[in-house]
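A.B. asks: Residue 164 is where the sequence shown starts when you use my numbering, and the numbers rise one by one after that. We treat Cβ as the ideally placed atom computed from N, Cα and C, and that holds for glycine. The structure presented is a predicted model; accordingly, all values stated were derived computationally and were not measured. Take this structure, written in structure tokens, and hold onto it; I'll ask about it next.
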Amino acid sequence: MDISPFDTYLVNGNITIFCGIHTDTFKSDILNSSLYAELVATQRRGDREALWTTYTEIVSKFKWIINSRETQSTAFDNSSLLKLLIQSAGPALPQAEQHIVANAFSRIKKLERGSLAIHTIIDKLNSSGSATAGATHTLLNIVRQDKTVLTLQLSFKTPKVIDIDILDKPLLKSGNDEKPNIRLLRSSLNELQYNEVRETVINKLGDKITTDLLLIPMANRLN
């Protein structure tokens with residue numbers, strides 16, 4: 164049985180997974196800076212490319228060191244979000260941490276269908292959809308045990324009624340717009356320099372830290 168520790172959060176409806184044990188300060192810094200970037204990107208609207216550009220520009224300003232960027236246009240069918248995530252991350256996500264991500268998704272699936280977390284995820288996917296029926300995208304952050312941050316924007320088509328089963332059931336397929344549907348950013352937080360902007364980020368967020376960040380409960384609290 165894999166008992167590797169992890170923490171799972173929703174950041175404005177997007178999934179963030181911390182693999183392994185990290186300090187509360189580090190987790191808060193990642194969560195707060197990514198939340199601010201996500202909120203600004205969403206407010207500016209635009210297509211998924213514009214959202215991605217805004218998000219990555221802002222986290223870079225907040226002392227995320229960009230190590231690499233990748234874009235892909237990949238055809239797929241009968242995929243799940245978990246499968247698509249792991250395939251898209253490729254060698255950047257070691258096998259041990261693939262198992263952690265799978266466990267995190269399993270934890271989410273064990274939540275009550277009427278839970279706040281499930282509603283938040285589904286609402287975010289619906290709000291990210293385009294005029295094309297069933298087309299949407301999601302942003303995910305996977306923080307590895309060595310503190311490397313993998314940020315993925317995954318675009319796909321879903322059943323007309325989006326359900327939490329897309330996490331691990333083969334319900335997703337690629338769209339037809341021929342634009343990149345997978346974007347991967349590999350980065351790390353400069354923790355020393357982030358000390359200079361921490362209070363600025365907290366002040367900019369205000370009560371959003373309370374309302375737009377949600378910790379997925381531990382497994383022993385689910386039933």
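Below 8 Å on the Cβ atoms is my contact criterion, and I expect I305 with Y172 to pass it. Report the Cβ-Cβ distance as a whole number of Å.
C.D. replies: That pair is no contact at about 12 Å.
A.B. asks: Using 8 Å as the cut-off, can you tell me whether the stretch 209–218 makes contact with the stretch 185–194, which would need three or more C-beta pairs spanning the two stretches below that distance?
C.D. replies: With a cut-off of 8 Å, the stretch 185–194 and the stretch 209–218 do not count as touching, because too few Cβ pairs lie within range.
A.B. asks: Figure out for me which residue from N344, S269, N353 has the closest Cα to the Cα of N230.
C.D. replies: Answer by Cα proximity: N353.
A.B. asks: Quick one: what does DSSP say S350 is sitting in, helix, strand or coil?
C.D. replies: Residue state, collapsed to three classes: strand.
A.B. asks: So, L198 versus L368, is the Cβ gap smaller than 8 Å?
C.D. replies: Yes.
A.B. asks: Mind checking who V360 pairs with in its DSSP beta bridge?
C.D. replies: V360 pairs with nothing; no bridge assigned.
A.B. asks: When burial is assigned at 16 or more other CB atoms within 10 Å of the CB, is V324 buried or exposed?
C.D. replies: Burial call: exposed.
A.B. asks: Tell me whether F268 sits in a helix, a strand or coil according to DSSP, three-state version.
C.D. replies: In the structure shown, F268 sits in a helix (DSSP, three-state: H, G or I).
A.B. asks: With the cut-off set at 8 Å, would you say N241 and D375 are in Cβ contact?
C.D. replies: Not in contact: N241 and D375 (Cβ atoms no closer than 8 Å).
A.B. asks: In the DSSP output, which residue or residues are listed as bridge partners for N304?
C.D. replies: Note: N304 sits in a beta bridge opposite T179, T314.
A.B. asks: When you compare only the Cα positions, how much space is there between L202 and L347?
C.D. replies: Spanning the two alpha carbons is a distance of roughly 19 Å.
A.B. asks: Thinking just about the alpha-carbon of each residue, which of D170, D370, V264 is nearest to the one in I249?
C.D. replies: Selected option, being the one with the closest Cα: V264.
A.B. asks: Do V312 and F225 have their C-beta atoms within less than 8 Å of each other?
C.D. replies: Their beta carbons are not under 8 Å apart, which means V312 does not touch F225 by this criterion.
A.B. asks: Short check: CB of A238 to CB of S337, under 8 Å?
C.D. replies: Cβ distance < 8 Å, so A238 and S337 count as in contact.
A.B. asks: Quick one: is E260 buried, meaning 16 or more other Cβ sit within 10 Å of its Cβ, or exposed?
C.D. replies: By the 10 Å Cβ count, E260 comes out buried.
A.B. asks: At the level of alpha carbons, what is the spacing between H243 and S251?
C.D. replies: It should be pointed out that residue 243 corresponds to Ser in this sequence rather than to His. The straight-line gap from Cα to Cα measures roughly 12 Å.
A.B. asks: Using CA coordinates, which residue listed in P257, L245, T179, V222 is at the minimum distance from K332?
C.D. replies: It is L245 whose Cα lies nearest to the Cα of K332.
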